[in-house]
Structure formats: C-alpha cells, structure tokens
Amino acid sequence: MTRATHAAVDGLATALALDEAAYRRAVDLAGLAPDRAAFLRNLDRFLMAVGAMLIVAGVAAFFAWNWAGLHHMAKFALLQGGIVGAVILAWRLEPDSAGGRAALFAAAFLVGVLLAVFGQVYQTGADPYGLFVAWALLILPWVIVGRQAGLWLLLQVLLNLALILYWIQVLYPPEGWWQLSQLLGPLVWLGSTVMDWRLASLLFVLNAGAVVAWELAAARGVPWLQSRVYPRLTGLIALYTVLGPTLVMIFVASLDEQAQLAIVSPALFVAVFAATLWYYQYRRFDLFMLTMAMFGGILVIMALAIRHAFEGYGSPLLLAALLIGLVGGAAFWLRAIAQRARAA
Amino acid sequence: MSRPASLEAVLDGLQAEERLTGPAVADGRALIERLHGVQPWYVRTMVGFGAWLASLLLIGFVAGFGLAVGGSTFLGLALMVTAVLVRRQPAVAANDFVIQSTMAVSLAGQALFAWGIANLLPGDEFKLGCIVVAVVSSAMFVAFPDRVHRVIMVLIAASALTALVYALETNGIVPVLGPVLAGLLVLLDRRHAALVAKGHGPWLRPLENGVMLAAFGCLMLSTIYVLPDLGSDFTFYPQPWISTILLGALLLYVGGDVFARLAGPLRRNARLLVYCLLALLVIAAWAVPGLLLALVVVMLGAACGRRGFVIAGIAFLAVFVTTYFYGIEVTLLTKSVTLVATGAVILLARWLLLQVLAGPGDA
Numbered sequence: 044m045t046r047a048t049h050a051a052v053d054g055l056a057t058a059l060a061l062d063e064a065a066y067r068r069a070v071d072l073a074g075l076a077p078d079r080a081a082f083l084r085n086l087d088r089f090l091m092a093v094g095a096m097l098i099v100a101g102v103a104a105f106f107a108w109n110w111a112g113l114h115h116m117a118k119f120a121l122l123q124g125g126i127v128g129a130v131i132l133a134w135r136l137e138p139d140s141a142g143g144r145a146a147l148f149a150a151a152f153l154v155g156v157l158l159a160v161f162g163q164v165y166q167t168g169a170d171p172y173g174l175f176v177a178w179a180l181l182i183l184p185w186v187i188v189g190r191q192a193g194l195w196l197l198l199q200v201l202l203n204l205a206l207i208l209y210w211i212q213v214l215y216p217p218e219g220w221w222q223l224s225q226l227l228g229p230l231v232w233l234g235s236t237v238m239d240w241r242l243a244s245l246l247f248v249l250n251a252g253a254v255v256a257w258e259l260a261a262a263r264g265v266p267w268l269q270s271r272v273y274p275r276l277t278g279l280i281a282l283y284t285v286l287g288p289t290l291v292m293i294f295v296a297s298l299d300e301q302a303q304l305a306i307v308s309p310a311l312f313v314a315v316f317a318a319t320l321w322y323y324q325y326r327r328f329d330l331f332m333l334t335m336a337m338f339g340g341i342l343v344i345m346a347l348a349i350r351h352a353f354e355g356y357g358s359p360l361l362l363a364a365l366l367i368g369l370v371g372g373a374a375f376w377l378r379a380i381a382q383r384a385r386a387a
Numbered sequence: 080m081s082r083p084a085s086l087e088a089v090l091d092g093l094q095a096e097e098r099l100t101g102p103a104v105a106d107g108r109a110l111i112e113r114l115h116g117v118q119p120w121y122v123r124t125m126v127g128f129g130a131w132l133a134s135l136l137l138i139g140f141v142a143g144f145g146l147a148v149g150g151s152t153f154l155g156l157a158l159m160v161t162a163v164l165v166r167r168q169p170a171v172a173a174n175d176f177v178i179q180s181t182m183a184v185s186l187a188g189q190a191l192f193a194w195g196i197a198n199l200l201p202g203d204e205f206k207l208g209c210i211v212v213a214v215v216s217s218a219m220f221v222a223f224p225d226r227v228h229r230v231i232m233v234l235i236a237a238s239a240l241t242a243l244v245y246a247l248e249t250n251g252i253v254p255v256l257g258p259v260l261a262g263l264l265v266l267l268d269r270r271h272a273a274l275v276a277k278g279h280g281p282w283l284r285p286l287e288n289g290v291m292l293a294a295f296g297c298l299m300l301s302t303i304y305v306l307p308d309l310g311s312d313f314t315f316y317p318q319p320w321i322s323t324i325l326l327g328a329l330l331l332y333v334g335g336d337v338f339a340r341l342a343g344p345l346r347r348n349a350r351l352l353v354y355c356l357l358a359l360l361v362i363a364a365w366a367v368p369g370l371l372l373a374l375v376v377v378m379l380g381a382a383c384g385r386r387g388f389v390i391a392g393i394a395f396l397a398v399f400v401t402t403y404f405y406g407i408e409v410t411l412l413t414k415s416v417t418l419v420a421t422g423a424v425i426l427l428a429r430w431l432l433l434q435v436l437a438g439p440g441d442a
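Here you go:
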C-alpha cells in the first residue's frame, strides 16, 4: 500500500493527465483536503502553541536582560519554580501523554541548569564531570517512572559526558597536538576524545550495552520500548566510538605516538559490524541499523584504499570506481533484504 | 481532514466515478508499483554521499589536467549537458545512485561554467558571476527533471539575485524581496490545482518549496542584524517595518481567504473581527515580521492540508525568534516586551476566533 501524499497525488495527476476537477477529487479521496472541524482544531493548537512559545521566549528575554542583576536566591527560586511547575504539569497531564512527557523532560533538563547556576553562584570548584553525575543521579527516578525514550536518551548523554570528562580531566589529561581540536568547538572536541582507545572502548561498552539492554527488553513486548529512536541514536554513538579511532588509525598511523590508538578499536568495529548485520537482519529487522553498519564498512574500506592501495595521478578515478562499486552493491543488497522483509 | 488514504484507494475511487479509462488505470497501477521501490531516507543519504563523493573525485581527476579559464567554461558546460541528458533517461528514475551523481555533476558543472564566464567577460567579476549563476540555475531548473535539484536551483537563483542587489548598492530593495517571494508563493498556491491539471506538476512543487525557503532566507537577511558589518561594500542594517507592512497586507489577504474557505460563510461582524485581529497581530509583530511570514505559510499549509508547509512555518518561526533573540539592534527589554505582547495578542485572537467560529450562525 502506498500512502497518498500530496506529492504522490500530484505525480499521479501528471502521469494520468487528470483535469482540474479530477485532480481536486483525487485530493479529496486521498483525505488531504482539510474540513472545517480539522481546520478549527489545527487553528486552536497552532495559535495556542505559538502564543505560549512567544510569551515564554519573551519572559526568557526579560530574565536574560536582567539576569546579572538578579539576586542569586531569585535565580534559584525561578529555576526551582520551573522544575516544580513542570513536574506538577506532568502529573496533571499524565506522564504518558505528549504534554506530560514534554513537561517531565523539561523538568529533568532544568535540573541541570539549576546545578550549573549553583556551581556558578557558590564557585564550588568541583570538576565538571560531577555536574553530569549529579544531574544523572537526580533525574534517575524520573527516567525510570517516565517510560519515554527522550529521558533515557538524556540520561545516556549525561553518562557519556560524565565518563569523558572524568577520563580526560581526572584520570588521563590529554597530551599532544590533537587536543587543539578543542578550538574547533565542543562537538569536535568531544568527537576527538575517542582517539584514546581505552576511553573509546569504555564508551563503546556503555552505549552498546545500553542498546543490547533496550533490544532485549523490547523483545519482551513492553509497549513503550518499541520506539526505535533510542536504540538507533545510541547505536550510532556506539558505532562511532569504534569507527572513529579505526579511521584515524588507518589515515594517520604515525599519530599513535601521541594518540592512544590500538588494534582494539578495529577489532571491536569488525565485531560490531558482523553482530549488527546478523541481529538486525535475522532477529529484529531494522534497515536503519543495517544501513549505518554498511556505511561504516564502506568508510573503512575507502580509508584503507586511500591510505594503501592507490597512489599517483589516476588515483581519484580508481577511488571513484571503488566507491561506486561499494555504494552500488550496498544499495542493491539493502533493497533486496528490504523487499524480502516486506514479503515475509 | 480525514486520515490519509492509500494511492490505490484514490485510483479505485477515480475509476469507480468513471473519471479514468482502463489504460489510465493501468498506467496508475504501474506508477504505484514504481513508488513501492523508493528507498527510505537513510539509504538514499548513504547512496547520495557515495554518489557526490564519487562525482567530485571524477571531476577532480578531470580538473587535474590543469584547465585554463576557457577550458573550465567548456568543461562546466559539458558536465551540465551530460548531467541533463543522463537524468532525462526514463531508466534513471529508479536509480538513486545515478540521480545523486548527476545532481553532483550538474552543480559542479554550473560552478565551473559560472566561474569561467565571469572571468571571460569584461566587467565586475562578482556582479557578472551573480547574473550568470541566476541565469544558469534558472535554465537548469527547467532542464534538469529532479525535484531536489529544482529546489536547489531556486535557492541558488534567489541567493545570486539577492547578492546582486547588494552589489549594485540597491539595499533598499532587500526588505521587499521576502514579501514578494511570499506573494509569489501565495499565487502559486492559489493556482496549484489548475497548474497541475495543465501538466506543470513536476516543477510546481519544487518551485513552491524553493520560493518558500528563499522567502525565509531573504526575510532573515533583511530584518535581523546579528553580525557586525561583514565588509565595507555591504550594509546589513535591517528595516523590518517595510517587510512587516507588506507581509501584513499578505496576511490579511490570505487570512480572509482561508477563513472564508474553511470556516464557512461568516457574518459581517465576524468577518470584521477576523480582520481586526489580523491587523492587531500585524501591529504587535511590527519588529518581528518573521511571525507574519510563518503565519502566512502555516495558513497556506492548513488550508490545503500540506503538512510540510505547516512544519516549515513553525520551524522558521522558531529559528526567527531565536535569531531575533541574538539580534544586536534591539535591547533585550524591547525584545521581551515585543514577544510577550505578540504572544498575548495571539492567545487573545485564538480565544475570540474560536468563540466566533464556533457560533451557530457561522456554521
């Protein structure tokens, strides 16, 4: 069955040379034309959401204007009031409703802001990883009772940050020129931390373990665990923690004097590549996970080819031919197994 | 709006109402069968990545011969023609890799061609480059039958023309560009069914999407002053009120039309109230014309059930408000008052409109 979207109906109309009346009728039959009730419902929701959003933005602008002059107790009162208000809202709206989920997530997020302001006001001198650990611990009960992928994702991100910061600020402060990646922004800096294979492996265990736990629980049929957002995003992080160091090792082998690179990451990559292809093909079909694994595999093969196989003037041509072959083959295989899964 | 049906059900419905002949139904079924083979976005992204990289490697290989300006122009033209000829083959329509490769080749060809022509002709390179880019992308919009490519062409053409306006030091036109593009979008939307029936469907939707995104971009450029002067040649000081007046007029037109179409016939007083509320909204959003453009786009989307417009309008509003927050031409206190006042007017409008529209006399 093919969903009748606007684009699909337009395509049908063009292909069949429908006249204007027939086209309008096709739009009606597709259920794409709104009626009065739907219009009023959408108008109600849109105006409510936009009005509330602008007022919240305006209030935020007011406090931003006056933030430095606010007494610290007023700052705490504002943030704690926001947390309490969000929790009450989540309770009144039911934590399983869309509004309740959003309110509980907002409360969990504001806890972090409160901790940051606390550290700013009292200059506690604590290491930054402590903020993320405390944040994760404080929201843990809400994460457990909240039963939503968003909260679990927030917790996962906090655990990753806490581990990274503990590693590089307390255990093994980085050395070498590559720490200059901090200058390129926090995301690049975080991404470059996997150049230490020990940290990368720990991050891999943290994230891959979370995916395995989620999939095992989901296989037991728990309804709210059927969402694919959490395992896919966490799986992507897990894949990156082994793919990143593998690519760095291939491209700049001489870097191992400065970066902590070892064969562990490539070995883990091969293992996770094989496990992903097996599990998501035969146990729980997920084309996204298979595509990401294939993409990772293509990147590794291309990196090996660039580093070792082709040199000289004609190398772009040969690399292009290899890339076309790899991507074409992967697309063909993915299409075939998607068709097989649809037929099953 | 009822739940979206399947394309098969639409075809069956048209056949049952005898709007389609037997061969047309067979063609429709064949089209639906082809649509079954469309891959999800992430597979297409992977294929697109490979195709773009492979195309750039091939172009890098050719460019490695060390071409002169004339050679670049010829090579660019050759790449564009090749991309168009390949993309127009019917067999290519189902091959994501070839589609993405031809798109990359086309864009690289356009860049080489525009650079070459701008260097070959006498005069200001930048201005000439803008004109060549606008002309070439307009031609490629027609010649290259791909919806994503067509959206990109509209955006490139609009960007080139906007840059040309700055280069010609006619900055006063810039605040008008966003509302003019929004007006074009409204016009296309009003004529959508007629244009699809005349066989213009393949380019209509990309044009609408491209014009909408270009309107967003032009309005941001002309109404929000975030960065200091980027160069002595350009002046980026915004004039939001010009856009507000023009978009306000457009909002009154679209709002009145949409309410008349979807809310049923209104009493004279109710109609007057709708217009008063819209006018009040325009006044409240005097410094925030992005809100008016977002409302116009969302209303168009809500009126014809196009979720893409609604999502784009809301996303633009969020981006605009965020950027407005960081704008440096207005104090935070003024921003705060503006945002709260606009939000309050919208909530008031919501309450009043729902009261009026729910009335029995207007049902």
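The listed protein sequences derive, respectively, from chains A and B. For the first sequence, our numbering begins at 44 and goes up steadily by one. For the second sequence, our numbering begins at 80 and goes up steadily by one. All C-beta atoms, glycine included, are put in the ideal place defined by N, C-alpha and C. Only a predicted model underlies this, so the values are computations on that prediction, with no experimental measurement involved.
Chain A beta carbons: is any one of them nearer than 7 Å to that of residue i?
| i | result |
| --- | --- |
| Met299/B | no |
| Phe205/B | no |
| Arg429/B | yes |
| Phe223/B | no |
| Asn348/B | no |
| Thr421/B | yes |
| Ile425/B | yes |
| Gly380/B | no |
| Ala190/B | no |
| Leu137/B | yes |
Using only CA atoms, which one of the options lies nearest to residue i?
| i | options | result |
| --- | --- | --- |
| Ala281/A | Met91/A, Leu242/A, Ile349/A, Val176/A | Leu242/A |
| Ala384/A | Ile306/A, Arg326/A, Leu245/A | Arg326/A |
| Gly387/B | Pro285/B, Val435/B, Leu427/B | Pro285/B |
| Phe399/B | Met299/B, Leu247/B, Val244/B, Leu199/B | Met299/B |
| Leu380/A | Ala103/B, Ala84/B, Val89/B, Val122/B | A quick correction: the sequence has Ile, not Leu, at residue 380/A. Ile380/A has its Cα closest to that of Val122/B, out of Ala103/B, Ala84/B, Val89/B, Val122/B. |
| Val177/B | Ser151/B, Ala130/B, Val104/B | Ala130/B |
| Val23/A | Ile98/A, Ala253/A, Arg263/A, Val285/A | Because chain A spans 44 through 387 in this model, residue 23/A falls outside it and cannot be assessed. |
| Met345/A | Phe294/A, Val93/A, Val255/A | Phe294/A |
| Gln266/B | Ile235/B, Cys209/B, Phe338/B, Val375/B | The sequence shown places Leu at residue 266/B, rather than the Gln named in the question. Nearest of Ile235/B, Cys209/B, Phe338/B, Val375/B to Leu266/B, Cα basis: Val375/B. |
| Leu59/A | Phe404/B, Val275/B, His115/B | Val275/B |
Would you call the CB atoms of residue i and residue j closer than 7 Å?
| i | j | result |
| --- | --- | --- |
| Gly258/B | Ser216/B | Reading off the sequence shown, one finds Pro at residue 258/B, where the question assumed Gly. Going by C-beta atoms, Pro258/B is not nearer than 7 Å to Ser216/B. |
| Gly155/A | Trp178/A | yes |
| His228/B | Met182/B | yes |
| Leu396/B | Asp268/B | no |
| Ala133/A | Gly143/A | yes |
| Leu153/A | Leu122/A | yes |
| Gly139/B | Gly195/B | no |
| Ala305/A | Trp210/A | no |
| Val93/A | Ile362/B | no |
| Val211/B | Ala237/B | no |
| Phe175/A | Leu204/A | yes |
I need the straight-line Cα distance from residue i to residue j, nearest angstrom please.
| i | j | result |
| --- | --- | --- |
| Cys297/B | Thr241/B | 8 Å |
| Val343/A | Thr289/A | 8 Å |
| Ser140/A | Ala129/A | 14 Å |
| Ala374/A | Val126/B | 7 Å |
| Thr417/B | Trp365/B | 8 Å |
| Pro254/B | Val165/B | 40 Å |
| Ile26/B | Val184/B | Limits of chain B in this structure are 80 at one end and 442 at the other, which puts residue 26/B out of reach. |
| His279/B | Glu63/A | 12 Å |
| Arg350/B | Gly335/B | 8 Å |
| Val389/B | Val285/A | 40 Å |
| Ala151/A | Tyr172/A | 17 Å |
Against chain B, does residue i count as a neighbour if the rule is that its beta carbon must be under 7 Å from one of theirs?
| i | result |
| --- | --- |
| Ile293/A | no |
| Met91/A | yes |
| Tyr215/A | no |
| Gly368/A | no |
| Ala65/A | yes |
| Met238/A | no |
| Ile98/A | yes |
What are the residues of the region 390-404 of chain B that lie near chain A, defined by any Cβ-Cβ distance shorter than 7 Å? Leu396, Val400, Phe404
Give, in chain order, every residue of the region 95-121 of chain B whose Cβ lies closer than 8 Å to some Cβ of chain A. Glu96, Arg98, Leu99, Ala103, Asp106, Gly107, Leu110, Ile111, Leu114, His115, Gly116, Gln118, Pro119, Tyr121
Residues of the region 271-288 of chain B whose Cβ lies closer than 9 Å to any Cβ of chain A, in chain order: His271, Ala272, Ala273, Val275, Ala276, Lys277, Gly278, His279, Gly280, Pro281, Leu283, Arg284
Where the region 322-338 of chain A meets chain B: residues whose CB sits under 8 Å from a CB there: Leu330, Phe331, Thr334, Met335, Met337, Phe338
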